[in-house]
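Residue numbers (my numbering): 535 to 974. Written below as structure tokens is the structure these notes are about.
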Ligand SMILES: [Zn+2]
């Protein structure tokens, strides 16, 4: 009996199962962005207790930059003030998140499970009954004190504390997501403080959650000057490829969808590709798109994309050696169709080939199939060979006469061990090598 259990545990670990369901499986050559739009880091601004200038100053400022924030709302405390539901509904309609901050703003320390249930459940139902167009799925503990996390998980997909650290790309505990206290009482007071936290987040590729209360002189705890907030948002706005700014709830949705997503290419012709994106999660809650990309198929200049018959914005992004098509897809919301849009040969921005060159293979690392692109300035005999690091030939992929232009060849490393390999292109006036990593 013991033995059977052990075997099962090992099997689950090997399959990468998590307690949130299935693990990510993505068909080559697709990739899912760690963050939306393949940005490097995620940042969420969360405001607690509904102080006056959050509505009169912070929300308009965030609107000006096109960023969404989260308002953690206490729903039945006389001390903290009852919510102005009209203002909150208006704020929600602009894309901001109205989330829970308990019924009465009482610490969960020592509180019975039945009272915690009341605080968690009724705060959520208060918000859901007053705010339309979104669902209340996240909460912030009063005074950052956690209670019974499994109770909390019955109502919420993520809950916020304030342990002052930057979360990794997948948090260890969604019922205790860290945030960093801002303002006069916190460690982040100036725009420089904000920016240093942001640059750390880019280095780790993680998620920075900021906790704010008062803005200027509205009487809220640990106030932040609105001028500091403006400087901070200007910095983020100026670095759009690094930072994804989104509500606490939407980042939590994205992470769980990303980590559970399955991306499968289910049909392909020369001009159309069908991709299926599923996540097995509850679609009533997990309704946020994830970003996918893949190299432009051979001969395609760009693509149009639609999901379930609706057009989807598509971006052609130039990587180091390959062009990607990047688009959002909503898991479980119908097949995604990529359609060829123009031929590579008639691409207006296509640059003339000025040198014969061996490009980096993609994907890299790969398992077991990868594509090796190269360009030739003139026609001639070409040899493309793969060696191991000790110089032993693994395979010859090409040994023939080719026309000038762009070429690519697929390498399938079915019977080859994991490791670093060297691809060598030899031809008239060209001898180039690139390293490739096979990771099984
Ligand atoms: Zn509070």
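Glycine is no exception: its CB is placed at the ideal position from the N, C-alpha and C atoms.
Between the C-alpha atoms of residue i and residue j, what's the straight-line distance to the nearest angstrom?
i           : j           : result
residue 558 : residue 795 : 5 Å
residue 959 : residue 966 : 5 Å
residue 722 : residue 613 : 27 Å
residue 802 : residue 561 : 13 Å
residue 624 : residue 730 : 33 Å
residue 698 : residue 676 : 16 Å
residue 954 : residue 890 : 24 Å
residue 880 : residue 856 : Confidence is the limiting factor: at residue 880 the pLDDT is only 39, short of 50, which leaves the residue's position unreliable and the question unanswerable from this model.
residue 645 : residue 746 : 26 Å
residue 905 : residue 781 : 38 Å
residue 537 : residue 783 : Any reading at residue 537 needs caution, since the residue's pLDDT is 39, under 50, leaving its predicted position unreliable; the model's value is listed next. Each residue's alpha carbon lies about 41 Å from the other.
residue 585 : residue 593 : 12 Å
residue 969 : residue 688 : 49 Å
residue 583 : residue 820 : 26 Å
residue 647 : residue 615 : 25 Å
residue 543 : residue 974 : With a pLDDT of 40 at residue 543, under the threshold of 50, the modelled position of that residue is not reliable, and the figure given next carries that caveat. Spanning the two alpha carbons is a distance of roughly 21 Å.
residue 884 : residue 873 : Note that residue 884 scores 42 on pLDDT, short of 50, meaning its location in the model is unreliable; the coordinates nonetheless yield the value given after this. Rounded to the nearest angstrom, the two C-alpha atoms are 20 Å apart.
residue 720 : residue 630 : 24 Å
residue 809 : residue 642 : 46 Å
residue 578 : residue 656 : 25 Å
residue 552 : residue 940 : Because the pLDDT of residue 552 is 43, which lies under 50, any placement of that residue in the model is unreliable, and the number read from its coordinates should be weighed accordingly. If I take the Cα positions, the gap works out to 43 Å.
residue 541 : residue 845 : At residue 541, the pLDDT of 39 sits below 50, so the modelled position is not reliable; the number obtained from the coordinates is stated separately. Approximately 47 Å between the Cα atoms of the pair.
residue 813 : residue 791 : 6 Å
residue 764 : residue 861 : 30 Å
residue 736 : residue 760 : 24 Å
residue 732 : residue 702 : 13 Å
residue 949 : residue 899 : 16 Å
Of all Cβ atoms in chain B, is any one closer than 8 Å to the Cβ of residue i?
i           : result
residue 796 : In summary, chain B is missing from the structure at hand, where a single protein chain is found.
Just tell me which of the options has its CA closest to the CA of residue i.
i           : options               : result
residue 842 : 756, 865, 645 and 776 : 865
residue 777 : 827, 580 and 570      : 570
residue 793 : 780, 825 and 765      : 825
residue 834 : 819, 737 and 807      : 807
residue 897 : 598, 941, 827 and 932 : 827
residue 811 : 773, 785 and 863      : 863
residue 678 : 669, 693, 666 and 601 : 693
residue 758 : 784, 717 and 751      : 717
residue 766 : 621, 690, 947 and 724 : 724
residue 804 : 832, 637 and 789      : 832
residue 903 : 627, 942, 915 and 916 : 942
residue 568 : 617, 740 and 774      : 740
residue 961 : 938, 816, 947 and 830 : 938
residue 600 : 797, 756, 900 and 779 : 779
residue 868 : 817, 859 and 829      : 817
residue 750 : 591, 839, 708 and 737 : 591
residue 640 : 760, 901, 681 and 800 : 681
residue 663 : 848, 945, 622 and 899 : 622
Going by beta-carbon coordinates alone, are residue i and residue j separated by less than 8 Å?
i           : j           : result
residue 606 : residue 633 : yes
residue 895 : residue 836 : no
residue 936 : residue 913 : yes
residue 715 : residue 742 : no
residue 971 : residue 921 : no
residue 672 : residue 772 : no
residue 911 : residue 919 : no
residue 581 : residue 604 : yes
residue 892 : residue 908 : yes
residue 684 : residue 696 : no
residue 626 : residue 668 : yes
residue 822 : residue 788 : yes
residue 830 : residue 871 : no
Quick one: is the Cβ of residue i within less than 7 Å of any heavy atom of ligand 1?
i           : result
residue 676 : yes
residue 583 : yes
residue 635 : yes
residue 639 : yes
Where does the unbroken beta strand (DSSP E) through residue i begin, and where does it stop?
i           : result
residue 967 : 964-972
residue 975 : Any property of residue 975 remains undetermined from this structure, which presents the chain solely from 535 to 974.
residue 941 : 939-946
residue 841 : 834-841
residue 690 : Note, residue 690: premise wrong, no beta strand (DSSP E); not H, not E.
residue 578 : 575-582
residue 915 : 914-922
residue 935 : 927-936
residue 606 : 604-607
residue 766 : Segment 760-772 is the alpha helix (DSSP H) holding residue 766; no beta strand (DSSP E) there.
residue 616 : Looking at the DSSP string, residue 616 is not in any beta strand (DSSP E), and its letter there is neither H nor E.
residue 806 : 806-812
Provide the residue span of the alpha helix (DSSP H) that contains residue i, from first to last.
i           : result
residue 594 : 593-599
residue 800 : Premise fails: residue 800 lies in the beta strand (DSSP E), 796-802, not in any alpha helix (DSSP H).
residue 653 : 647-664
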